[in-house]
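Take a look at the structure set out below.
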Amino acid sequence: MTWLTTYNLRKSLENIYENGLPKGVSVGWETWDEFYTVLKGTTTYWGGLSSHGKSYMLFNVLKNLSDLYGWKHAIFSPEMGNADRVMAKLIKIHSGKDMEKEFMKKDEFYRWVTELADKYYILQLKDDELYLDRFISECKTLLINEEVDTITLDPFNELRHSYEKHGGREDKYLEDRLTEIRRLAMEYNVHINIVAHARSDKTNKRGQHPEPPSMYEFSGGEAFANKAMNVICIHRPKTDNGGREFPDHNQTSVSFQKIKPEEVGKKGGVDMWYRNNQFFDKIIPSTPF
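In my numbering, the protein residues as written are 13 to 301.
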């Protein structure tokens, strides 16, 4: 523990005086810039209902950060599949094409394999390694040995968790471990993304299209909402702006439910449109998910 004064902080305060407090970088979509930018040393929790496009939206953000700034990413996404399947999805997102010989020429395939080789590190754990402690340990080892800008855990509940040291209380466990993850982001100056499913459809009515969940309805509830610095909810609306019904439209609603620190954006929402594995911040012809 260290107590600091203006004498210790003089240089950093001078930098803030000259340049302002650190701001995040744009994710490459103009409509997002007002509400959300990515700042290293912070965390973002991505939530929503199952099959509403959380992972694809996040992976599109990672693609843009690589394209714009050359950022490198560490990803653990067991729900999407093994490492080769995750990388195949990333190639599809970068290229806008299905990674199959019917849609992509061989020379283009090898070009993407080469181009993305130093952009993504995909973690693959065995069944007996699926614990949060192991995930954090592997991330620290990678961060010590490689230059990485973001870490993604997709989803949080795919790992096993033990509440014994916290009296069997999930809320106390989550408060402790999510604080640890936030400190990891600060210590290594990386941005950490965590994907969380909504616990349930709050309409709870069969045959009725669900409403977008609030951050308190994410798996983990209040602890997730309180410990998150930024919370983004991805939701497919019942109908798009043209009146087409789900799932036959390609519109997605993005709500920025919590934004910290205030320099990186503010609460609000935007609409996005999906085609060929890529998201756009303007209306484009519809193709189903």
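All C-beta atoms, glycine included, are put in the ideal place defined by N, C-alpha and C.
This structure is a prediction, so every number in the text was calculated from the model and none was measured.
Residue interval of the alpha helix (DSSP H) (run including residue i)
i      : result
HIS106 : 95-107
GLY233 : 233-239
PHE121 : 118-127
ILE295 : Taken as a continuous stretch (DSSP letters only), ILE295 belongs to no alpha helix (DSSP H), as it is neither H nor E.
Neighbourhood of residue i by C-beta distance below 6 Å, restricted to the same chain and skipping five residues each side
i      : result
SER226 : none
ARG194 : THR55
GLN269 : MET227, VAL243, CYS245
ILE295 : TRP285
MET116 : LYS109
ALA86  : TYR133, LEU154, VAL160, ILE163
Nearest residue (CA-CA) to residue i, options the options
i      : options                        : result
LEU137 : PRO222, ARG189, LEU165, ASP79  : LEU165
ASP293 : VAL266, LEU61, LYS270          : VAL266
GLY53  : GLU229, VAL160, LEU190, TYR200 : TYR200
TRP285 : SER174, TYR143, HIS64          : HIS64
LYS250 : GLU223, GLY233, GLU234         : GLU223
MET99  : LYS117, ASP130, ASP119         : ASP130
ALA210 : GLY180, LYS104, GLU234, LYS75  : GLU234
ARG248 : MET69, VAL202, SER149          : MET69
GLU182 : VAL207, ARG146, GLY232, LYS152 : GLY232
VAL202 : GLY36, PHE47, GLU127, ARG97    : GLY36
Own chain partners of residue i with C-beta closer than 7 Å, once the 5 adjacent residues on each side are dropped
i      : result
GLU30  : none
GLU42  : ASP293
LEU144 : LEU171, HIS173, ARG189
Start-to-end residues for the beta strand (DSSP E) that takes in residue i
i      : result
LYS75  : Careful: LYS75 lies outside any beta strand (DSSP E), inside the alpha helix (DSSP H) at 66-81.
MET284 : 280-287
ASN205 : 203-209
ASN242 : 242-247
TRP302 : Outside the shown range of the chain (13 to 301) lies residue 302, about which nothing can therefore be said.
Buried versus exposed, by CB contacts within 10 Å (16 or more), residue i
i      : result
VAL125 : exposed
ILE156 : exposed
ASN205 : buried
THR264 : buried
TRP44  : buried
ASN253 : exposed
SER107 : buried
C-alpha distance - residue i paired with residue j, whole-angstrom precision
i      : j      : result
LEU154 : ARG256 : 45 Å
HIS261 : ASP283 : 13 Å
ASP188 : ASN169 : 16 Å
LEU196 : GLU114 : 43 Å
GLY277 : TRP58  : 16 Å
LYS84  : VAL73  : 12 Å
ARG218 : PRO259 : Model confidence at ARG218 stands at a pLDDT of 47, short of 50, so the residue's coordinates are unreliable and nothing is read from them.
LEU190 : GLY280 : 24 Å
GLY60  : PRO167 : 11 Å
PHE230 : THR162 : 22 Å
ARG22  : PRO273 : 22 Å
LEU51  : LYS177 : 32 Å
LEU102 : TYR81  : 17 Å
PHE301 : GLU26  : In this prediction, PHE301 scores a pLDDT of 44, lower than 50, which makes its location untrustworthy; no coordinate-derived value is stated.
ILE134 : GLU158 : 13 Å
Residue i CB to nearest heavy atom of the ligand FMN below 7 Å
i     : result
GLY53 : As far as ligands go, the structure on display features none, and thus does not contain the ligand FMN.
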